[in-house]
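Chemist: Sequential numbering of the sequence shown, starting at 9, is according to this note's numbering.
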Amino acid sequence: MAYASTNPYTNETVATFPTIGDQELEQAIATAQDTFESWHTKDFDERKEVVERASEILRERPDDFARLITSEMGKLYRESMEEVELAASILDYYAKNAEEFLAPERVDTEDPDGGEAVVISEPIGVLFGVQPWNFPYYQLARIAGPNLMAGNVVMVKHAEIVPQSAAAFEQLFREAGAPEGAYTNVYASKEQVARAIKDPRIKGVALTGSEGAGSSVASNAGEELKKSTLELGGSDALVVLADADLDMTVERALWGRLNNAGQSCVASKRIIVVDDVADEFLRRFTDGVAQLKPGDPFDSDTTLPPLSSQSAADNLDALVDEAVENGASVITPGDPVPEEGAFVQPRILTDITKDNPAHDKEFFGPVALFFRARDEEEAIRIANDSSFGLGGSVFTEDTAHGVEVARRIDTGMVFVNHPTWTRADLPFGGTKRSGYGQELSAAGIQEFINKKLINVMPA
9 MAYASTNPYT
19 NETVATFPTI
29 GDQELEQAIA
39 TAQDTFESWH
49 TKDFDERKEV
59 VERASEILRE
69 RPDDFARLIT
79 SEMGKLYRES
89 MEEVELAASI
99 LDYYAKNAEE
109 FLAPERVDTE
119 DPDGGEAVVI
129 SEPIGVLFGV
139 QPWNFPYYQL
149 ARIAGPNLMA
159 GNVVMVKHAE
169 IVPQSAAAFE
179 QLFREAGAPE
189 GAYTNVYASK
199 EQVARAIKDP
209 RIKGVALTGS
219 EGAGSSVASN
229 AGEELKKSTL
239 ELGGSDALVV
249 LADADLDMTV
259 ERALWGRLNN
269 AGQSCVASKR
279 IIVVDDVADE
289 FLRRFTDGVA
299 QLKPGDPFDS
309 DTTLPPLSSQ
319 SAADNLDALV
329 DEAVENGASV
339 ITPGDPVPEE
349 GAFVQPRILT
359 DITKDNPAHD
369 KEFFGPVALF
379 FRARDEEEAI
389 RIANDSSFGL
399 GGSVFTEDTA
409 HGVEVARRID
419 TGMVFVNHPT
429 WTRADLPFGG
439 TKRSGYGQEL
449 SAAGIQEFIN
459 KKLINVMPA
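Spelled out as structure tokens, the structure:
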């Protein structure tokens, strides 16, 4: 397994990094364990000083961090800057709120002898994270912020195509004053990841990635009876009802499908529009896609960057070809994309039948799946007819009714009048084959915590 920074705009490899040796992995785990023994004894204010300082550094030097993202995985530079701020906001959120989230909870008991009970929150130890390339810092902040504040320590195996971003985040915490071993980046192989998960010093595992990776990691963790959280793929439904404001809906649907070049687990991949407004929506949406401008992701005029890698682009093109071979129709708005670089031609697939493989696959990039629904009931049925259940959205001027429809969509998150998105204070997690467990908000800090009951009886 090679860790390499390859600029997807030029397909030029600018840096490579060797996989660590087995002895280096052993030393990293040992150091993390030693650090946990002291880190978890620090009070909240001491841990807060480190995590809050890391947030400040991100905000002081956003360009330094953003440029690495854009260079390694092709994200528009302005979106990379937004991601740096999002990561900073997550760290800041947990620095400010962790103590309140983990405060002891008194239990009202019915003990006739007058006993008292309290539940306290204790860290469990060294956590191992396996994280993806599409949001190189946001993903890391989601595991680092809550768990460092809770008193755990974190080791992370990041994606092979963003090794410089991975190293930068480890250096961020060292610069912020964290001791060695509090946050550790490891350029590990798949075999080493499996070995680390089975190591008794690793107490929990958090993965964001593909279904295959999730199944493997969950299996290894389960064999060792270790807690795991999985945030896997998604094929979010964006449901447009007849009374939706089309100006606003089309604008937000374009953002929902094309933010980060469509490379987001919670991108609006399946657009489901009731028949009354389907033709008009599709016309406007197609016009919007046609206006995309491919180019250098550092150029402020560019609105369509390359995908993260040439292999990602090739895989997406193959999915489109397979869909068309099985009966889907394809709309190709706009001018052809550049031949050099990992660009993918934006397309809209229609006429997707239940037996088409595309019906239940995740399209990770600027390809939208368009479904026409007879009415609201059929729109809900189509939205639920998926093995994925990460996010979704409903567009309607009647927001109270939008909430009613949202309740009927079988997924972990539903937004009304906005595509699925994320903030530090909103719980994030899915159902079905999109995984299990929660990240962010007060819920996210509870995942790798021992809720210890202390019951005191009168002497």
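Yeah, the Cβ is synthetic: ideal placement off N, Cα and C, and Gly gets one too.
1) With H, G and I counted as helix, E and B as strand and the rest as coil, what does DSSP make of P120?
2) Got a sec, what are the start and stop residues for the beta strand (DSSP E) S236 sits in?
3) CA-CA distance, G220 and K198?
4) Consult DSSP for G303 and reduce its assignment to one of helix, strand or coil.
5) So V258 and R203 are in contact, right, with Cβ under 8 Å, and what is the actual spacing, rounded?
6) From the DSSP output, which residues share a beta bridge with M163?
7) I believe L156 touches R55 by the beta-carbon criterion, under 8 Å. Please report the beta-carbon distance rounded to the nearest angstrom.
8) Looking at C-beta atoms only, is the number of pairs between the region 452-461 and the region 410-417 that lie closer than 8 Å three or more?
9) Compute the beta-carbon to beta-carbon distance between E8 and G241, rounded to the nearest angstrom, for a pair I have assumed lies under 8 Å.
10) Taking all protein chains shown into account, decide if K496 is buried (16 or more other Cβ within 10 angstroms of its Cβ) or exposed.
11) Taking V201 as the reference, give the member of E90, A125, Q139 with the closest Cα.
12) Determine the DSSP secondary structure at V297, reduced to helix, strand or coil.
13) Whole angstroms are fine: how far does the CA of A106 sit from the CA of A467?
14) On the DSSP bridge assignment, give the partners of I210 in chain order.
15) Bridge partners for F423 per DSSP, in chain order?
16) Could you please give the first and the last residue of the uninterrupted alpha helix (DSSP H) stretch that includes I280?
17) Which stretch, first to last residue, makes up the beta strand (DSSP E) that contains V375?
18) Let's test the definition: count the other Cβ atoms within 10 Å of the Cβ of M465 and tell me whether it reaches 16, buried, or not, exposed.
19) Under 6 Å Cβ to Cβ from P187, same chain only, skipping five residues before and after it: list those, please.
20) For E447, which beta-bridge partners are listed by DSSP?
21) Could you pull out every unbroken alpha helix (DSSP H) segment of at least 4 residues lying fully inside the region 329-358, listed in chain order?
22) Grab the span of the beta strand (DSSP E) containing E113 for me, first residue to last.
23) Could you pull the start and end residues of the alpha helix (DSSP H) that K50 belongs to?
24) On a CA-only basis, which of S13, D325, A451, A38 is nearest P435? Give me that one, please.
25) A196 and V213 - do their beta-carbons sit closer together than 8 Å?
26) Looking at the structure shown, is F396 part of a helix, part of a strand, or coil, going by DSSP?
27) What are the boundary residues of the alpha helix (DSSP H) that includes L180?
28) I'd like the span of the beta strand (DSSP E) that includes Y485, first residue to last.
29) Going by C-alpha to C-alpha distance, which of F423, F396, S395 sits closest to T404?
30) Rounded to a whole number of angstroms, what is the C-alpha to C-alpha distance between N193 and V164?
31) For a test of the three-state rule: what should DSSP assign to V247, helix, strand or coil?
32) Output needed for A250: all residues of its chain with C-beta closer than 8 Å, excluding positions within five of it in sequence on either side, in chain order.
33) With a CB to CB cut of under 7 Å and the five nearest residues on each side skipped, what residues in its chain are close to V59?
Modeler: With the given structure in hand:
1) coil
2) 235-239
3) 12 Å
4) coil
5) Not really, about 49 Å apart at Cβ, beyond 8 Å.
6) F136, T192
7) 6 Å
8) no
9) Given that the chain is displayed from residue 9 to residue 467, the structure contains no residue 8 and the question cannot be resolved.
10) Summary: the structure shown does not reach residue 496, with the chain confined to residues 9 through 467, and so no result is reported for it.
11) Q139
12) helix
13) Note on geometry: alpha-carbon atoms of A467 and A106 lie some 34 Å from one another.
14) V134
15) S401
16) Careful: I280 lies outside any alpha helix (DSSP H), inside the beta strand (DSSP E) at 278-282.
17) For V375, the uninterrupted beta strand (DSSP E) segment begins and ends at 375-381.
18) exposed
19) T43
20) Beta-bridge partners assigned by DSSP to E447: F436.
21) none
22) 113-115
23) It is not in any alpha helix (DSSP H) - K50 carries neither H nor E in the DSSP assignment.
24) A451
25) no
26) strand
27) 171-183
28) Because the chain is modelled from 9 through 467, residue 485 falls outside the range shown and cannot be assessed.
29) Ranking the options by Cα distance to T404, first place goes to F423.
30) 5 Å
31) In this structure, V247 counts as strand in the three-state DSSP scheme.
32) V282, D284, V285, E384
33) L99, Y102, A103, G153, L156, M157
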